[in-house]
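Participant: Numbering (the numbering used here), first residue to last: 106 to 169.
This structure is in structure tokens; I'll ask about it shortly.
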């Protein structure tokens, strides 16, 4: 179990952030605060996605 978490923690983080973003979109309100929250959500999700793909790229390079 510990090996699974250490191997896939970055993917679990992306899943958590992605599901939080999707839930935020479903509760989206058409106000200035809602639009700002949506923009920050997109920036945060894209940042975490970049880190996840960068970590996975490094891990695959190390195993070669």
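Quick reminder that beta carbons are idealized off the backbone N, C-alpha and C, glycines included.
In this text the structure is predicted, and so the values were computed from the model without any measurement.
Restricting to Cα atoms, I'd like to know which of 149, 132, 134 is closest to residue 123.
Facilitator: Among 149, 132, 134, the Cα nearest to that of residue 123 is on 149.
Participant: Would you mind working out which of 152, 167, 156, 168 sits nearest residue 115, comparing C-alpha positions?
Facilitator: Minimum Cα distance to residue 115 is reached at 156.
Participant: I'd like to know whether the C-beta atoms of residue 139 and residue 126 end up nearer to each other than 7 Å.
Facilitator: Not a contact, by the Cβ cut-off of 7 Å.
Participant: Rounded to a whole number of angstroms, what is the C-alpha to C-alpha distance between residue 167 and residue 161?
Facilitator: Taking the straight line from one Cα to the other gives about 10 Å.
Participant: In angstroms, rounded to a whole number, what distance separates the CA positions of residue 112 and residue 164?
Facilitator: Computed Cα separation, rounded: 9 Å.
Participant: Just verifying my parser: in three-state terms, what is the DSSP assignment at residue 132?
Facilitator: Coil, per DSSP.
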